[in-house]
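As they're listed, the protein sequences go chains A and B.
The opening residue of the first sequence carries number 2 in the working numbering; numbering runs sequentially from there.
The opening residue of the second sequence carries number 367 in the working numbering; numbering runs sequentially from there.
Yeah, the Cβ is synthetic: ideal placement off N, Cα and C, and Gly gets one too.
The model shown is predicted, which means the values in this text are computed figures rather than measured ones.
Here the structure is laid out as structure tokens; the discussion comes afterwards.
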Amino acid sequence: MLVSTPNGQPAWAQRSGRAKLALWAGWLALVALFVFCWQIMTKDTIWYFIYDAPRQAADIGSRMVPPAWTYMDRLWWPLWDTLNIATLGTVMGVIIAVPVAFLAARNTTPSPYIARPIALLIIVSSRSINSLIWALLLVSIIGPGVLAGIVAIGLRSIGFVAKLLYEAIEEIDESQVEAVTATGASPRQVIDYGIVPRILPAFAGISVFRWDINIRESTILGLVGAGGIGLQLQASLNVLAWSKVTLIFIVILATVVLSEWVSAKVRHAII
Amino acid sequence: MADATYPHRWKRPPVLIQDRRWRLAIYGGGLVWLVLAIASIEVNWLRVYEGLERGWRFIEGFLQPDFTSRWEDISQGLIESLTMTVTSTVVGVLISVPIGIGAARNLAPTAVYLVCRAIIAVSRALQEIIIAILLVAMFGFGPFAGFLTLSFATIGFLAKLLAEDIEDIDEAQAEAIRATGASWWQLINYAIQPQVMPRLIGLSLYRLDINFRESAVIGIVGAGGIGATLNTAIDRYEYDSAGAIIMIVIVIVMMAEYSSSHVRKWVQ
Numbered sequence: 002m003l004v005s006t007p008n009g010q011p012a013w014a015q016r017s018g019r020a021k022l023a024l025w026a027g028w029l030a031l032v033a034l035f036v037f038c039w040q041i042m043t044k045d046t047i048w049y050f051i052y053d054a055p056r057q058a059a060d061i062g063s064r065m066v067p068p069a070w071t072y073m074d075r076l077w078w079p080l081w082d083t084l085n086i087a088t089l090g091t092v093m094g095v096i097i098a099v100p101v102a103f104l105a106a107r108n109t110t111p112s113p114y115i116a117r118p119i120a121l122l123i124i125v126s127s128r129s130i131n132s133l134i135w136a137l138l139l140v141s142i143i144g145p146g147v148l149a150g151i152v153a154i155g156l157r158s159i160g161f162v163a164k165l166l167y168e169a170i171e172e173i174d175e176s177q178v179e180a181v182t183a184t185g186a187s188p189r190q191v192i193d194y195g196i197v198p199r200i201l202p203a204f205a206g207i208s209v210f211r212w213d214i215n216i217r218e219s220t221i222l223g224l225v226g227a228g229g230i231g232l233q234l235q236a237s238l239n240v241l242a243w244s245k246v247t248l249i250f251i252v253i254l255a256t257v258v259l260s261e262w263v264s265a266k267v268r269h270a271i272i
Numbered sequence: 367m368a369d370a371t372y373p374h375r376w377k378r379p380p381v382l383i384q385d386r387r388w389r390l391a392i393y394g395g396g397l398v399w400l401v402l403a404i405a406s407i408e409v410n411w412l413r414v415y416e417g418l419e420r421g422w423r424f425i426e427g428f429l430q431p432d433f434t435s436r437w438e439d440i441s442q443g444l445i446e447s448l449t450m451t452v453t454s455t456v457v458g459v460l461i462s463v464p465i466g467i468g469a470a471r472n473l474a475p476t477a478v479y480l481v482c483r484a485i486i487a488v489s490r491a492l493q494e495i496i497i498a499i500l501l502v503a504m505f506g507f508g509p510f511a512g513f514l515t516l517s518f519a520t521i522g523f524l525a526k527l528l529a530e531d532i533e534d535i536d537e538a539q540a541e542a543i544r545a546t547g548a549s550w551w552q553l554i555n556y557a558i559q560p561q562v563m564p565r566l567i568g569l570s571l572y573r574l575d576i577n578f579r580e581s582a583v584i585g586i587v588g589a590g591g592i593g594a595t596l597n598t599a600i601d602r603y604e605y606d607s608a609g610a611i612i613m614i615v616i617v618i619v620m621m622a623e624y625s626s627s628h629v630r631k632w633v634q
């Protein structure tokens, strides 16, 4: 915009005076907030440990290499458990998420004032709690082991799958539903022939995507006792066996990269 | 006679996988895996049965959350989490902006591009918890390690999305600014920044949201915040305090999600 300068010549500036002032005030508020938060956060920080960190890092780094390759023999079984936690957890989550999604979608819900809010509440509470916290709770309730991991992954997956699925259901082409309804189909047949074929590719894509995320999350669930390769990680960390920790990190990284590749391939083939 | 050729029966075509052999192979393989997986799980059903009573106590604790008796610890954890979230988001955004510009194909020379992409790949491949374990070992327990973890995780997320956004800008405006004889800095300031700023603000708010959620988790491995308090509460079987903490986390996450979606709408 054009503003005039003291010598009367018009000059160009990106913003007007008022916008400049507002912007400046905004930045000032942000900086003040940052400094305030920083002060509170570092109130109890022991700065000696932080100056000492490079030395610690070098020390740990030297212990981490070379990885203890022979330890791999004892990692295959936990790795299998990890994959099972992710897969069975995804299956459980998907089985519960499908009815929840149909209850939550505006065009298929049986009652918009009772069933829909309940379904949305299930989705929100499942989504706001991380699977590691679910695992923490479940380990203390049903005991440590693979089952706690599966249920934790399953509970976390419900919200994710149901949310994306109900958005897909709401976006379907209504004219096909109308065409199927016009043949005299029952509500069940409308869902079976009018809606399901439309959302099946999206559903498969969402499930594979969630399976990929679940593999990533199930590798660390063992930290709180919920089975899988994380248990080995926790055991190695407790005895400061850093060369074993390195090997476990490598295995986790390889698993995650592999599952990401598989899920990308599958989703590419579907969509 | 036309009757003979006219099909009277309709067979529903397969929806997802058209090829019959692939269909059999994928479904069959999936089934075999499921059977093997279920067969290999060891479950102590007696322990599960005993745990049901505890589960009931947890649900009771959740229905009657106890905010008061541990309020000191809860508020301390909450303050740590919130301050950690704000500082790590600010620092993460500040670092990820130059990396994001460097990782944009249309702005950076190849060498810079490769370095920045490598930083993003490393930051994205490692999970928050694993970074937190390493940083706690190096920097000691407490929110400072958590702050570093979240900042590092923010870089990978934000720089990648920012770089993709810069690559998708309208080239005509960049060309117009370039034609005026603008320097590289002026190009960034007048052609790129106005186009990507709304999305950058939106992404930063989204990341603020994610960082708070993650700050509730990394406390479990000793990186400070509300997660440490929650871990202690569950370890001591104080389900009513744990219920209170989880409720507070859910409410804050919902509030953050709601307000950030409003701000994003207002910015765009």
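message: Is there a C-beta anywhere in chain B that falls below 8 Å from the one on G155(A)?
response: no
Endpoints, alpha helix (DSSP H) assigned at E623(B): 605 to 633
- prompt: Would V615(B) pass as a contact of A498(B) if the rule is Cβ separation under 8 Å?
  reply: no
task: With DSSP collapsed to three states, give me the class of W376(B).
output: coil
message: I'd like to know whether the C-beta atoms of I216(A) and T247(A) end up nearer to each other than 8 Å.
response: The Cβ atoms of I216(A) and T247(A) lie no closer than 8 Å to each other.
task: Enumerate in chain order the residues of its own chain whose CB-to-CB distance from M367(B) is below 8 Å, with the five nearest sequence positions on each side excluded.
output: A caution first: M367(B) carries a pLDDT of 47, below 50, which makes its placement in the model too unreliable to give a value.
- request: Could you check if R64(A) is buried or exposed, using at least 16 other CB atoms within 10 Å of its CB as the buried criterion?
  value: When all chains shown are included, R64(A) counts as exposed.
- request: Rank M563(B), E426(B), I383(B) by C-alpha distance to the C-alpha of I532(B) and give the top, closest one.
  value: M563(B)
query: Three-state secondary structure (DSSP) at A12(A)?
result: A12(A): strand per DSSP, three-state reduction.
field: CB contact check: M1(A) to chain B, cutoff 8 Å
entry: There is no way to answer for residue 1(A), as the model of chain A reaches only from 2 to 272.
Contact set for Y479(B): own chain, Cβ-Cβ below 7 Å, skip 5 residues either direction: G468, A469, R471
query: Which class does P1(A) belong to by DSSP, given the choice of helix, strand or coil?
result: Any question about residue 1(A) goes unanswered here, given that chain A covers just 2 to 272.
message: Could you give the first and the last residue of the continuous alpha helix (DSSP H) run that contains R483(B)?
response: 476 to 491
message: Please state whether the Cβ-Cβ distance between I86(A) and I154(A) is less than 8 Å.
response: Contact: yes.
task: Indicate whether at least one CB of chain A lies closer than 8 Å to the CB of L382(B).
output: yes
- request: With 8 Å as the C-beta to C-beta threshold (strictly closer), list the residues of the region 589 to 608 of chain B near chain A in chain order.
  value: Hits within the stretch, in order: G593, L596, N597, I600, D601, Y603, A608.
- prompt: Would DSSP call N108(A) helix, strand or coil?
  reply: coil
query: Does DSSP put V279(A) in a helix, a strand or coil?
result: The question about residue 279(A) has no answer here: the residues shown for chain A are numbered 2 through 272.
Contact check, L501(B) vs T515(B), beta carbons under 8 Å: yes
- prompt: Less than 8 Å separating the beta-carbons of M504(B) and A58(A)?
  reply: Their beta carbons are under 8 Å apart, which means M504(B) touches A58(A) by this criterion.
query: Does any CB atom of chain A fall closer than 8 Å to the CB of G506(B)?
result: Put simply, the CB of G506(B) is near chain A, with a gap under 8 Å to one of its CB atoms.
message: When you compare the CB of I61(A) with every CB in chain B, is at least one pair closer than 8 Å?
response: yes
- prompt: Which runs of the alpha helix (DSSP H) fall wholly inside the region 531 to 615 of chain B and span at least 4 residues, in chain order?
  reply: 537 to 545, 550 to 553, 559 to 584, 592 to 601
Whole-angstrom C-beta distance between S454(B) and F513(B), which should lie under 8 Å: 5 Å
- request: Output yes if chain B places a C-beta closer than 8 Å to the C-beta of N215(A); else output no.
  value: With a threshold of 8 Å between beta carbons, N215(A) makes no contact with chain B.
- prompt: Which one of L104(A), Q177(A), G146(A) has the shortest CA to CA distance from G160(A)?
  reply: L104(A)
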